[in-house]
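*Asks:*
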Amino acid sequence: MAVNKALLVGAMVGTAVLVGWMMMQSSSVVEPPAPVARHTPPAHMKADKPKATPVRSEAVDATQLRHGERKDIHLVVPQENLSLLYIVKCSACHGRDGKGPVGPSIAGKSYEENLKLLRRYKADEVPNTMMLDLLTRTSEDELKMLSREISAFKE
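Here is the structure:
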């Protein structure tokens, strides 16, 4: 019993010392360093946004090297004039040129053909959950705008 009391008293004293030390440490607050001012270059040193231009690429596919085939390879960086509506609703699947990395190519179709297809997707006449979800809250005017924009894509 005496050992238990001694342990209890020791634990209480140790706790009191620890709490006192923590309180003493918290009273000596260190100020955070002042923020560093960012350097902004003068206006005459700022670069204008470059316009996209065709770039010649020397990259070749491994199969071309293996079979001795090599075509003149060009990388074309398009100057885009895309609407925000197309970028948000379409470009993730159909790409910025309508030839899509995921979805099928929509380039080269007429305005009427595009509008008819978009209306069918919106009415769920063509089973495609993604298109239905994207077009559910799209107005008729927006469908016409998208059709006009998509019909400008060349195959």
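Under our numbering, the first residue of the sequence shown carries the number 394, and numbering increases by one thereafter. Beta carbons are placed, not taken as given, at the ideal position from N, Cα and C, and that holds for glycine. A quick note: this is a predicted structure, and the numbers were derived from the prediction, not measured.
#1: Measuring alpha carbon to alpha carbon, tell me which residue in Asp526, Glu506 and Leu477 is nearest Lys515.
#2: For Ile499, which residues in the same chain have their Cβ closer than 6 Å to its Cβ, ignoring the five residues on either side in sequence?
#3: Keeping to the same chain, check which residues put their C-beta closer than 7 Å to that of Asn521; ignore five residues upstream and five downstream.
#4: Taking the alpha-carbon positions, what's the Glu548 to Ala427 distance?
#5: Less than 8 Å between C-beta atoms, sequence neighbours within five positions excluded: which residues of the same chain meet that for Leu475?
#6: Hey, would you say Tyr504 sits closer than 7 Å to Ser532, going by beta carbons?
#7: Is the beta carbon of Leu477 closer than 7 Å to that of Glu535?
*Replies:* Based on what the coordinates show:
#1: Closest by C-alpha distance to Lys515, out of Asp526, Glu506 and Leu477, is Asp526.
#2: His487, Gly491 and Ile543
#3: Tyr514
#4: 57 Å
#5: Taken in chain order, the residues that qualify are Ser484, Arg489 and Glu542.
#6: no
#7: no
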